[in-house]
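Undergrad:
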Amino acid sequence: MGLSGGCQCGAVRFRVEGEPGRASICHCRMCQKAFGGPFGALVTVPVDQLTWTRGQRATFQSSDTIRRGFCAACGTPLTFEWSADKIDLAVFAFDDPSAVAPVVQLAVENRPAWMEHLADMPVRPPMGPTGAVASRQHPDFDT
């Protein structure tokens, strides 16, 4: 099984061969800050099954043991790096994020209380100031 993905602008792309490991949702404050959202969704893969197919990620040393990778051009979070032989990739950086379903939540004590009510919130299509939004992001496939 091969899965591909990349950043929003397409400057950095990757491919994973083999089956990804455990996918998780982490609510820790570092993940919230790094992803700019209520959680980070990450999946562990062996480093030897990961190929960077376009560009290179920039990194930030977010703690004494963790580096986080991102696209320097558009800012998309890409990695959580904690081991020499394993790396966590951002689930929503994959072209098909539904192929990497999280199975566990971490640091739930930092989860915002309002997350329990997401399914109850009204839904509307995304709109810009003048109507429907036209995406300029890289397509969800290699080009």
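Residues in the sequence shown are numbered consecutively from 33, following this note's numbering. Cβ coordinates follow ideal geometry from the N, Cα and C atoms, glycine included. Being a predicted model, the structure only gives us computed values, none of them experimental.
(1) Could you check where the beta strand (DSSP E) with Arg100 kicks off and where it finishes?
(2) Judging by CA-CA distance, which residue of Pro78, Gly38, Phe67 is the nearest neighbour of Cys58?
(3) Name the one or two DSSP bridge partners that Glu148 has.
(4) List the DSSP bridge partners of Ala133.
(5) Are there 16 or more other CB atoms within 10 angstroms of the CB of Ser56, so buried, or fewer, so exposed?
(6) Please confirm whether Val48 and Gln88 have their CB atoms less than 8 Å apart.
TA: From the atom records:
(1) For this step, residue 100 is matched to residue 68 along the sequence shown. Per DSSP, Arg100 belongs to the beta strand (DSSP E) from 99-102.
(2) Numbered from 1 along the sequence shown, position 26 holds the residue referred to as residue 58. For the residues Pro78, Gly38, Phe67, the minimum Cα distance to Cys58 belongs to Phe67.
(3) As a first step, residue 148 is located in the sequence shown; it is residue number 116 there, counting from the start. DSSP output for Glu148 lists no bridge partner at all.
(4) For the purposes of this step, residue 133 is identified with residue 101 of the sequence shown, where counting begins at 1. Its beta-bridge partners do not exist; DSSP assigns none.
(5) Taking the first residue of the sequence shown as 1, we reach residue 56 at position 24. Answer is buried; the Cβ neighbour count reaches 16.
(6) Taking the first residue of the sequence shown as 1, we reach residue 48 at position 16. Taking the first residue of the sequence shown as 1, we reach residue 88 at position 56. Cβ distance not < 8 Å, so Val48 and Gln88 don't count as in contact.
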